[in-house]
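**Q** Protein chains in written order, with numbering that gives the first Met the number 0: chain R, 0 to 298; chain W, 0 to 253. All C-beta atoms in this analysis are idealised placements derived from N, C-alpha and C, irrespective of residue type, glycine included. Just so we're clear, the structure is a prediction, and the values are computed from it rather than from any experiment.
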Amino acid sequence: MTSPAQHPAIQRDLEDGSRSPLQVPNAAPALAPLPPKLSLRGISRNFRNSNQHDLLALERIDLQVRPGEFVCVVGPSGCGKSTLLHLIAGLAQPSAGTVLLDGRPVDGPDTGRILIFQDLGLFPWLTVIQNVEFGLRMAGVPKPERRFRSRNYLRLVHLGEFEDSYIHQLSGGMRQRVALARALATEPDVLLMDEPFAALDAQTRDLLHDELERIWRETGRTIIFVTHNVREAARLGDRVLLLTFRPGRVKREFTIDLPRPRHLEDVEVARTARDILDELRDEINKSREAEYRHDKTSR
Amino acid sequence: MTKRAARQVLFYAVLLGLWILIARLKIWPPYILPTPKGVWEALAAGFADHSFWIAIEVSMRRIAIGYGISVLLGVVLGLAIAGSKFLEDTLGGLLVSLQSLPSICWLPLAVLWFGLTEKAILFVVIMGSVLSVTIAMETGRQQMPRIYAMAGRNLGARGLKLFLYVLLPASLPYLVSGLKQGWAFAWRSLISGEMIFVSLGLGQLLMLGRDLNDMSQVVAVMLLIIAIGYLVDGLLFRTLERRLQEKWGLSPAA
Ligand SMILES: Nc1ncnc2c1ncn2[C@@H]1O[C@H](COP(=O)(O)OP(=O)(O)OP(=O)(O)O)[C@@H](O)[C@H]1O
Ligand SMILES: [Mg+2]
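Right, dumping it as structure tokens:
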């Protein structure tokens with residue numbers, strides 16, 4: 000398909016002077032440390048359950064994310080990964096603590112931070128291309144331009160010929176790619192991705208890993224990427240955060256300074272993934288035990 | 000499909016045949032049972048002297064205005080009620096209880112308030128249909144998955160834009176049955192209202208037929224009212240439902 004250099008939407012970003020200091024994050028270690036793009040200070044979040052028990056989903060999360068950093072988050076199911084992304088997106092408020100973006104507290108959603116929902120949230124009343132251009136339309140971008148830009152992103156996720164389809168006519172993996180294109184089209188500074196490649200076949204996922212890595216390097220976006228696949232985390236992240244199960248805390252951080260571009264099959268990636276998995280397994284076991292205890296008490 | 004069409008043709012042919020037969024037997028005088036030929040001639044004459052056209056135009060204009068206001072009002076009210084626990088507990092309950100009141104009961108009140116005017120009849124039409132739309136919009140807003148509003152806000156939709164481009168289309172599958180029911184109620188309220196006070200329109204034409212003992216005209220106008228109701232339902236709501244099915248991939252049963 001189109002090569003990176005021919006890609007108009009990407010080229011615009013390259014030409015866009017405002018992004019220039021962030022463009023090649025990995026190549027600028029000599030500069031003075033940049034202030035964090037995103038910082039979470041003592042974030043907690045609890046939910047009131049149906050049986051009136053408070054459920055502490057996240058507890059005192061502290062996190063600093065550099066501009067242009069690629070952070071992956073792993074943890075057992077139900078540990079609060081999606082909740083964390085919702086808080087950063089400004090779609091929910093923490094019970095305690097603050098989220099700071101560029102030093103300013105976040106108090107609502109903003110098109111500079113786009114979340115790809117775990118459930119996607121594509122609009123069934125719109126066609127594929129209308130979904131992709133929705134953010135641009137809300138921003139008042141004229142139709143010819145937003146069509147042009149959206150088409151590029153659709154092609155990027157290999158869905159060019161499906162632009163006039165409706166969402167229900169697509170497979171699960173195709174829908175995930177539409178959601179990816181929709182998020183990329185608004186060209187946000189911070190991209191929050193909630194298991195975006197979970198329903199893809201291996202080949203498509205490999206391709207999209209490459210594309211995502213390339214877009215990230217060329218545009219200097221900050222990415223927070225939730226996944227349950229530790230291999231994927233080791234393949235993509237500069238850093239991998241491991242969350243504990245109930246309450247969700249940061250158990251360990253893995254810094255991954257393997258050279259890029261990486262591949263899922265790289266021996267080093269596999270080894271790092273094994274290290275992460277060893278720690279993750281404990282947490283998954285804990286979550287299983289919690290289920291088991293619950294089963295016994297409710298019987 | 001063809002089988003269904005064949006059945007329908009046969010059914011109506013038999014019905015018409017029976018009617019002709021009974022009319023031929025001359026058991027009842029034509030002012031009790033009109034002949035098909037008489038009804039046909041009444042229809043032709045009504046259209047020829049423009050009185051039917053005028054009545055149709057007057058009635059259609061009224062329903063367009065009345066129903067249009069109902070839809071706007073119902074959508075706004077429904078959203079407001081869905082968005083506020085207080086309104087839901089108070090106004091929401093009132094609206095449900097008002098639904099059991101036939102809309103024509105509002106006519107005496109409307110006449111006292113507005114006199115024998117266009118406004119009175121619009122009032123009756125609105126009261127007849129606004130509740131259906133309101134209640135449908137309210138349930139639509141409440142049952143629509145939360146993720147649509149979140150995704151919309153995330154992509155920069157706020158206020159009116161969020162409403163127009165996300166909340167409204169997302170609630171359309173829930174709203175459409177209310178719109179349809181609202182239309183049916185509005186149409187009935189309009190005709191009943193027009194029958195009760197002199198005001199041009201199809202309803203009045205019906206009463207005129209009675210006053211003249213002209214059963215053929217009465218039946219002709221009745222047929223007209225049925226035809227218009229059927230046409231609007233077919234053109235407007237079937238199209239809307241079909242488009243919803245295409246886009247959302249809903250099965251026709253849903
Ligand atoms: N709106 C809500 N109301 C009540 N409880 C909630 C709500 N959202 C999340 N929770 C609870 O918070 C916890 C964390 O949920 P979250 O969706 O963040 O988990 P997750 O890590 O994304 O899991 P998964 O990997 O399965 O997607 C869960 O125990 C869940 O039951
Ligand atoms: Mg999740």
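Could you confirm whether any beta carbon from chain W is found closer than 9 Å to the beta carbon of residue 163/R?
**A** no
**Q** Which chain W residues sit within Cβ distance under 8 Å of residue 123/R?
**A** 246, 247, 248
**Q** So, do the segment 140-158 of chain W and the segment 194-211 of chain W have three or more beta carbon pairs nearer to each other than 8 Å?
**A** no
**Q** What did DSSP end up calling residue 244/R once you bin it into helix, strand or coil?
**A** coil
**Q** Beta-carbon separation of residue 133/R and residue 193/R under 9 Å?
**A** no
**Q** With H, G and I counted as helix, E and B as strand and the rest as coil, what does DSSP make of residue 58/R?
**A** DSSP, read as helix, strand or coil, puts residue 58/R in strand.
**Q** Whose C-alpha, out of 188/W, 40/W, 23/W, is nearest the C-alpha of residue 220/W?
**A** 40/W
**Q** Kindly provide the chain-ordered list of residues whose Cβ lies closer than 6 Å to any non-hydrogen atom of ligand 2.
**A** 80/R, 81/R, 117/R, 193/R
**Q** Under 7 Å, CB to CB, which of the residues in the segment 118-143 of chain R have a partner in chain W?
**A** 118, 120, 122, 123, 124, 133, 134, 137, 138
**Q** Mind the definition here: the segment 176-188 of chain R touches the segment 213-232 of chain R only if three or more C-beta pairs lie below 8 Å; say whether that holds.
**A** yes
**Q** Going along the chain, which residues of its own chain have a beta-carbon closer than 6 Å to the beta-carbon of residue 240/R, five neighbours each way excluded?
**A** Closer than 6 Å at the Cβ level, and outside the excluded window around residue 240/R, lie 72, 249, 252.
**Q** Does the structure place the segment 81-94 of chain R close enough to the segment 196-207 of chain R that three or more beta carbon pairs sit under 8 Å?
**A** no
**Q** Got a sec: is the Cβ-Cβ distance from residue 148/R to anything in chain W below 9 Å?
**A** no
**Q** Shorter than 9 Å from the beta carbon of residue 174/W to some beta carbon of chain R?
**A** no
**Q** To which residues of the same chain is residue 50/W closer than 6 Å at the C-beta, ignoring the five residues directly before and after it?
**A** none
**Q** Is the Cβ-Cβ distance between residue 236/R and residue 178/R less than 9 Å?
**A** no
**Q** Around the Cβ of residue 76/W, are there at least 16 other Cβ atoms within 10 angstroms (buried) or fewer (exposed)?
**A** buried
**Q** Skipping 5 residues on each side, what residues in its chain have a beta carbon closer than 8 Å to that of residue 36/R?
**A** 64, 65, 66, 67, 68, 100, 101, 188, 189, 221
**Q** Would you mind working out which of 154/R, 165/R, 90/R sits nearest residue 108/R, comparing C-alpha positions?
**A** 90/R
**Q** Is the closest heavy atom of ligand 1 to the C-beta of residue 75/R under 8 Å?
**A** yes
**Q** Using a Cβ-Cβ cut-off of 9 Å, state whether residue 14/R counts as contacting chain W.
**A** With a pLDDT of 41 at residue 14/R, under the threshold of 50, the modelled position of this residue cannot be trusted, and the question is left open.
**Q** When the Cα atoms are used, what is the spatial distance from residue 149/R to residue 116/W?
**A** 54 Å
**Q** Should residue 291/R be labelled buried (16 or more other beta-carbon atoms within 10 Å of its own) or exposed?
**A** Its Cβ having fewer than 16 others within 10 Å, residue 291/R is exposed.
**Q** Would you verify that the beta carbon of residue 66/W is, or is not, closer than 9 Å to some beta carbon of chain R?
**A** no
**Q** Run through the segment 172-200 of chain W for me and flag every whole alpha helix (DSSP H) of 4 or more residues, listed as ranges in chain order.
**A** none
**Q** With 9 Å as the threshold, decide whether the Cβ of residue 135/W is near any Cβ in chain R.
**A** no
**Q** Taking the Cβ atom as the reference point for each residue, do residue 233/R and residue 275/R lie within a distance shorter than 9 Å?
**A** A contact, by the Cβ cut-off of 9 Å.
**Q** Between the segment 127-139 of chain W and the segment 89-96 of chain W, are three or more C-beta pairs nearer than 8 Å?
**A** yes
**Q** So, under 8 Å CB-CB, residue 131/R and residue 165/R are touching, yes? Tell me the CB distance rounded to an integer number of Å.
**A** That belief does not hold up - the Cβ atoms of residue 131/R and residue 165/R are roughly 13 Å apart, past 8 Å.
**Q** Against residue 153/W, what residues of chain R qualify as contacts under a CB-to-CB distance less than 7 Å, listed in chain order?
**A** 88, 90, 108, 113, 114
**Q** Can you tell me the Cα-Cα spacing of residue 214/W and residue 185/W, whole angstroms?
**A** Rounded to the nearest whole angstrom, the CA to CA distance from residue 214/W to residue 185/W is 26 Å.
**Q** In chain R, what lies closer than 8 Å to residue 84/W by C-beta?
**A** Those do not exist, as residue 84/W stays about 16 Å from chain R at its closest Cβ, beyond 8 Å.
**Q** On a Cα-Cα basis, can you pick out the residue from 140/W, 83/W, 60/W, 23/W that is closest to residue 161/W?
**A** Among 140/W, 83/W, 60/W, 23/W, the Cα nearest to that of residue 161/W is on 140/W.
**Q** I want to see whether chain R comes within less than 9 Å of residue 256/W, judged by CB atoms only; does it?
**A** Any property of residue 256/W remains undetermined from this structure, which presents chain W solely from 0 to 253.
**Q** Note down, in chain order, each residue of its chain lying with its Cβ closer than 6 Å to the Cβ of residue 114/R, except the 5 sequence neighbours on either side.
**A** Once the five neighbours on either side are set aside, the close Cβ partners of residue 114/R are 84, 88, 191.
**Q** Which one of 208/W, 183/W, 181/W has the shortest CA to CA distance from residue 194/W?
**A** For residue 194/W, the nearest C-alpha among the options comes from 208/W.
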